[in-house]
Each structure stands twice: as C-alpha cells, then as structure tokens.
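Chains as they are written, first to last, in the working numbering: chain A, 107 to 247; chain Y, 1124 to 1387.
Even for Gly, the Cβ is constructed at its ideal location relative to N, Cα and C.
Reviewing the structure listed below.
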Amino acid sequence: MSDWKWRLYFFIRAIDATAENRQVFAEIFTNNGSLETVENERKIADSAIKLSTSGDLPAQVFGINTLVKADMRTALQAFIDSLPQSRWYATANGDQPNYADGCLIAANDGSGVIGQAFTWEDALADLFTERSLRVIETEGT
Amino acid sequence: MGLLYGARRSLLKIKTPSLRDLYGLVGEYDFSVNASLYQDSALTTLAAPTTPIGGVVDLSRSGNIATQTTTAAKPTLTANAINGRQAASFDGGDYLTCDSLAASAGVSGSDKPFTVAAVVQFTSVAALRAIFSFGRATTNDTYHVFRITATPNWSFSSADDTDVGNVDSAGTPNTSPHIICCLFSGTTISILIDGITVINEAAHDVGTLTLDQATIGALRTYQNLIQLMLGTIGQLAVLNRRISTPEAMWATRLLGKKWGITTA
C-alpha cells in the first residue's frame, strides 16, 4: 500500500516561480516525507511543462504533474491557492477506497466532475477553456 | 549418490540469457525488476506500483545508478504498463540522470561509438520526445540524443559547439510498444525498431565532443532540459561500443520475448 495516493496537476504563473516560492514548495515536499532534500526539491520548476497564452515563447505558465502524499497535498493546495490565477486538480493515484485510479477528487474553482476520470489532457483542456492557455509543443532543436 | 546428483544438475544448468551477456554493457535499467527500484535518490525505500521512482540500480554492475532528486520530476512505477509488465511512466516533466554513464560509455572525444537499446511506448507522438541523451554540463549545448520528432520520425541528433546534425527515419513512431536499438559507430548511425532497420548506416560525423551528462527521458545539456519523455520505458541499456547488427537482433528478440513484442 503506497502513501502516494494522489496525483496533483497544478499550474502557476512563471513569474510566481520565484526563489522564495520554490523554497516554500520544496519545504512542503521535504517536510512531508518526500525523502529528498529541500535543496533538491527547489528544482521543482526546472522541468515544468511550459504553457503560453499565445503559443509563443516566452512561456507564461508552468504546469507541474506530481505524485503527492496526504499532508503534501493539503499544504500544496493551500499554497497554490495563495498564488494569483493558479489552478490545481487532485486525482486518485490507485489505493483510494472511493475513487478509481485517475478519477478527479478535488479541484479549485469547481473544474471537472468529481469521481470521473480526469487526465493531464483534461486539465489542459480546462485551462484552455478558462484561460486560453495551450502547451508549447515545439521546444527543442 | 547425492554428490553425483548435484554435479549432474550443475552440469545441466542452463544460464538464462540476458543483456549482460553482451560485451561492453555499461548501464542497464529494468523497470520490471522491483528490487532495483527505489522511491528516493539515496536508495533507502523500495518503490512499488503507484510510487515515484527516485533511484534505479544499474543491473550491468557498472555502478551507474540513475536518480531523480526532485519529487515532481520523478517517473511513476506503473503496473501492467507494457503488455502486462510494470514500467516507468514519464509524464512530460519527468527524467532520470545517470551522469557517470557518460564516462563509462567513453563518449567524449572524436568518433566515439555507443549503443542504446530500449523498450519504449509513447503516449503521444506529436512532439519532440527524447528517450536518452548524452550532454554537457557547461559551456555549450553539446549532445547526442535519441528521440522521436513531431513529424513523427525516429531521430538521432548530435551537436558540437557550432553545428547540429539530425538523422531522421522514414519509419513512423506510434503509440504501440517497441524495442529500439540505436547503433552509433562514431561516424554512422543505424536504428532498428522491433528488429527492422529504419536508418541504415547513415553518415553522421560530428566534431570532437566533451560529454559528461547522461539522461533517461530528456535531452539535458548545459542550460537546456527539453524534449521530455511522454510515455513509458520498460528497460534501457547502454553499451560502450557499436554492437553488430546480429547482436542487435539477438538483443531485440530477447527483449521482445520478455516484453511480449513481436520482432523481425
């Protein structure tokens, strides 16, 4: 039985990925049993999926897809809620008594249908509907 | 009598073939082997299906452990991911680093050969997605990367300090599981997909490279971390030489039998 019972999709403005906020994210992970150091968890935005209102660089929003434990989830959701124009979606990552794997458990702003399958693509579709955000798909050389 | 029986069993014992039978294997990561997978980069807590993967033991016994130290960038161990076997799921923001592999594979210098073999299934083939890369920590975007392109094509790309060279296949990647072998001689590249050659000894001669990073599931070099994997990886092996085509066929069939993938 795993403690990592939730998968959290969340989206914050790129300008909110400050050193100070990364420190808060990192401490939430480390202090709630991630088994990694704060220094390492501070790199949370390094591989974030970049989104933009226009599809052109520079990216304006960071999307992060991560497994979380119970206390991490509570603390992360509260902190993300404190950031302007942010969104989060919590889904079941197996081991949930009342929700099938991948079903939506909670989301801010009432997005999605609780108990129904909700994927990263659904989160992106919701962002597109709500904020006209779309993924930059052509990154690289 | 007991001694004779034991001796006979020993004589008849048949060794199970594995990728470790290939000379020059310097990194092997098998996401179906629970005992080699850990939730954390310090290798203290074993992973299980639905947990993150933060550390992977190198089964080649070369000591090139693959790690990820940031929770949000860890792949997830997923049961029944590829034809009933568990594998590592990469969500487009996940990757594993194994930088010591660059030295073990001896890829720095001029015309240095290597081989990458992997069992891979993409979730989507609509963008650049790296399976494996060698990169450089400082100075410039120097790299070798084995990937798919947005076309989509199977692709091998390299860059030295001034030039980028790509070799793309006519074969088309899809979302089915595949066994891929990328054979780089130092000056030519061949790619076999499920035992079928999609790139055959294409010229690919780049300048002298300094490479000190190795990454599973992304192109990571200098200040770039891009083309992150979206899909699952079942097994991945790196050799410090360009294995022959018959060796590649042998490895392909071995992996095909294990992962339930039809091969040529």
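**Request:** Look up phenylalanine 94 (chain A) in the DSSP assignment and say whether it is helix, strand or coil.
**Result:** Residue 94 (chain A) lies beyond the residue range present for chain A, which begins at 107 and ends at 247; the question has no answer from this structure.
**Request:** Return the CA-CA distance between valine 167 (chain A) and arginine 237 (chain A), expressed in angstroms with no decimal places.
**Result:** Taking the first sequence and counting its residues from 1, the one referred to as residue 167 (chain A) is at position 61. Taking the first sequence and counting its residues from 1, the one referred to as residue 237 (chain A) is at position 131. Their Cα atoms are separated by approximately 11 Å.
**Message:** Taking the straight line between their C-alpha atoms, what separation do you get for alanine 120 (chain A) and aspartate 1144 (chain Y)?
**Reply:** If you number the first sequence from 1, residue 120 (chain A) lands on position 14. If you number the second sequence from 1, residue 1144 (chain Y) lands on position 21. Take the alpha-carbon of alanine 120 (chain A) and the one of aspartate 1144 (chain Y): they are about 48 Å apart.
**Request:** Check each residue of the region 1213 to 1231 of chain Y: if its Cβ is closer than 8 Å to any Cβ of chain A, include it; give the result in chain order.
**Result:** Against chain A - using a Cβ distance shorter than 8 Å - the residues of the region 1213 to 1231 of chain Y are Asp1214, Gly1215, Gly1216, Asp1217, Tyr1218.
**Request:** Determine the DSSP secondary structure at glutamate 142 (chain A), reduced to helix, strand or coil.
**Result:** The residue given as residue 142 (chain A) occupies position 36 in the first sequence. In the three-state scheme derived from DSSP, where H, G and I count as helix and E and B as strand, glutamate 142 (chain A) is classed as coil.
**Request:** Identify every run of the alpha helix (DSSP H) within the region 170 to 230 of chain A, keeping only runs that are complete inside it and at least 4 residues long; order them along the chain.
**Result:** Contiguous alpha helix (DSSP H) elements confined to the region 170 to 230 of chain A occur at 176 to 187, taking only those with 4 or more residues.
**Chain-ordered neighbours of leucine 1348 (chain Y) on chain D, where CB pairs are closer than 8 Å** = In the structure shown, chain D does not exist; the protein chains are A and Y.
**Prompt:** Using DSSP with H/G/I as helix, E/B as strand and the rest coil, what is lysine 1381 (chain Y)?
**Reply:** Indexing the second sequence from 1 puts residue 1381 (chain Y) at position 258. Reduced to three states, the DSSP call for lysine 1381 (chain Y) is helix.
**Asked** Should glycine 1216 (chain Y) and serine 153 (chain A) be called a contact, given that it needs their Cβ atoms to be closer than 7 Å?
**Response** Stepping through the second sequence from its first residue, residue 1216 (chain Y) is reached at position 93. Stepping through the first sequence from its first residue, residue 153 (chain A) is reached at position 47. In this structure, serine 153 (chain A) lies closer than 7 Å to glycine 1216 (chain Y) by Cβ.
**Message:** asparagine 171 (chain A) and threonine 1192 (chain Y) - do their beta-carbons sit closer together than 7 Å?
**Reply:** For the purposes of this step, residue 1192 (chain Y) is taken as the residue at position 69 of the second sequence. For the purposes of this step, residue 171 (chain A) is taken as the residue at position 65 of the first sequence. No, Cβ-Cβ distance for threonine 1192 (chain Y) and asparagine 171 (chain A) is not below 7 Å.
**Message:** Under 8 Å, CB to CB, which of the residues in the region 1155 to 1177 of chain Y have a partner in chain A?
**Reply:** Of all residues in the region 1155 to 1177 of chain Y, Gln1162, Asp1163, Ser1164, Ala1165, Thr1167, Thr1168, Ala1171, Pro1172, Thr1173, Thr1174, Pro1175, Gly1177 have a Cβ within less than 8 Å of some Cβ in chain A.
**Prompt:** What is the residue span of the alpha helix (DSSP H) that phenylalanine 1307 (chain Y) lies within?
**Reply:** For this step, residue 1307 (chain Y) is matched to residue 184 along the second sequence. Counting along the chain, no alpha helix (DSSP H) covers phenylalanine 1307 (chain Y); the unbroken beta strand (DSSP E) around it starts and ends at 1301 to 1307.
**Item:** Distance CB(aspartate 1222 (chain Y))-CB(glutamine 1336 (chain Y)) smaller than 7 Å
**Value:** Numbered from 1 along the second sequence, position 99 holds the residue referred to as residue 1222 (chain Y). Numbered from 1 along the second sequence, position 213 holds the residue referred to as residue 1336 (chain Y). Here aspartate 1222 (chain Y) is near glutamine 1336 (chain Y), since their CB atoms are less than 7 Å apart.
**Item:** Selection of the region 1187 to 1211 of chain Y by Cβ proximity to chain A, strictly under 7 Å
**Value:** The region 1187 to 1211 of chain Y vs chain A, Cβ under 7 Å: Thr1192, Thr1193, Thr1194, Ala1195, Ala1196, Thr1199.
**Message:** Going by beta-carbon coordinates alone, are alanine 1253 (chain Y) and glutamine 1162 (chain Y) separated by less than 7 Å?
**Reply:** Mapped onto the second sequence, residue 1253 (chain Y) falls at position 130. Mapped onto the second sequence, residue 1162 (chain Y) falls at position 39. Not in contact: alanine 1253 (chain Y) and glutamine 1162 (chain Y) (Cβ atoms no closer than 7 Å).
**Item:** Reduced DSSP secondary structure (H/G/I, E/B, other) of leucine 1351 (chain Y)
**Value:** Counted from its first residue, the second sequence places residue 1351 (chain Y) at position 228. Leucine 1351 (chain Y) falls in the coil class under three-state DSSP.
**Request:** Output yes if chain Y places a C-beta closer than 7 Å to the C-beta of asparagine 137 (chain A); else output no.
**Result:** Numbered from 1 along the first sequence, position 31 holds the residue referred to as residue 137 (chain A). Closer than 7 Å: no.
**Message:** Check whether the region 1292 to 1301 of chain Y and the region 1364 to 1377 of chain Y touch, using three or more Cβ-Cβ pairs below 8 Å as the test.
**Reply:** No, they do not touch.
**Item:** Residues near leucine 1353 (chain Y) in its chain [Cβ-Cβ closer than 8 Å; skip 5 each side]
**Value:** Here residue 1353 (chain Y) refers to the residue found at position 230 when the second sequence is read from its first residue. For leucine 1353 (chain Y), where only same-chain residues beyond five positions count, the Cβ hits under 8 Å are Phe1213, Asp1214, Gly1215, Phe1245, Thr1246, Ser1247, Ala1250, Arg1252.
**Asked** Can you tell me the Cα-Cα spacing of glutamine 1358 (chain Y) and threonine 1201 (chain Y), whole angstroms?
**Response** Locating residue 1358 (chain Y) in the second sequence gives position 235, counting from the first residue. Locating residue 1201 (chain Y) in the second sequence gives position 78, counting from the first residue. Computed Cα separation, rounded: 13 Å.
**Message:** Quick check on tryptophan 110 (chain A): does DSSP put it in helix, strand or coil?
**Reply:** One-based indexing of the first sequence puts residue 110 (chain A) at position 4. Coil, per DSSP.
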